[in-house]
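Structure first, commentary second.
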Amino acid sequence: MVDSTVATASWGRRFLALLVDWLASTLVVVTFVGWDEYSAVGSNAQLFVLPTYIVQSALLTWSLSGSFGKLVTGLRVVPALGPVRAINPLRLLLRQLMVALVIPPLVFRPDGRGLHDLVAGTATVRVETFRALTGR
46 MVDSTVATAS WGRRFLALLV DWLASTLVVV TFVGWDEYSA VGSNAQLFVL PTYIVQSALL
106 TWSLSGSFGK LVTGLRVVPA LGPVRAINPL RLLLRQLMVA LVIPPLVFRP DGRGLHDLVA
166 GTATVRVETF RALTGR
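With the working numbering as the guide, the letters of the sequence shown map in order to residues 46 to 181.
In structure tokens:
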């Protein structure tokens, strides 16, 4: 079980993971629509980056315990109620929608869990903590 004795990941590392996720999502969109369409004045192609980020981060967190950015920066998302319990994919989708709203991650408890983590029943930890909790 994740409690106040388990160190959650630093905000700097989480922000770096978010930047990596956003860049990766942008590259996916550019791959599908092309650079000319993405960078054209008045193009709506840039609007696809946010939904791409939400979907990739929710799916990868559900299947691999972290979004692309979290995996690259050595972070993982664990269930707050213990590693035996699986995280509900709909809760992960809600979690990522809340991250997209920006404010929920900025409102957090002393243990480092933001509103998005509280709603989803998750905590973001370093990969070393993840391995100690899950044995993987």
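Glycine included, C-beta positions come from ideal geometry on N, C-alpha and C.
Distances from the alpha-carbon of Ser88 to those of Leu104, Gln101, Val100, Val74 put Val74 closest. The C-beta distance from Ala54 to Leu120 rounds to 5 Å, short enough to meet the 8 Å contact threshold. Taken in chain order, the unbroken stretches of alpha helix (DSSP H) that lie wholly in the segment 87-120 and span 4 residues or more are 94-109, 113-117. The Cβ atoms of Asp81 and Phe113 lie no closer than 8 Å to each other.
If you look at Val170, you'll find it in the beta strand (DSSP E) that goes 167-171. Around the beta carbon of Ile148, a 10 Å sphere encloses fewer than 16 other beta carbons of the protein chains shown; the residue is thus reported as exposed. Taking 8 Å as the cut-off, the beta carbon of Thr106 is found closer than this to the beta carbon of Val122. Check the Cα spacing between Ala125 and each of Arg136, Val117, Ser108: the tightest is with Arg136. The three-state secondary structure of Val123, taken from DSSP, is strand. Residue environment analysis places Ser108 among the exposed positions, since fewer than 16 neighbouring C-beta atoms fall within 10 angstroms of its C-beta. Of the residues Gln91, Thr71, Leu95, the one whose Cα lies closest to the Cα of Ala145 is Leu95.
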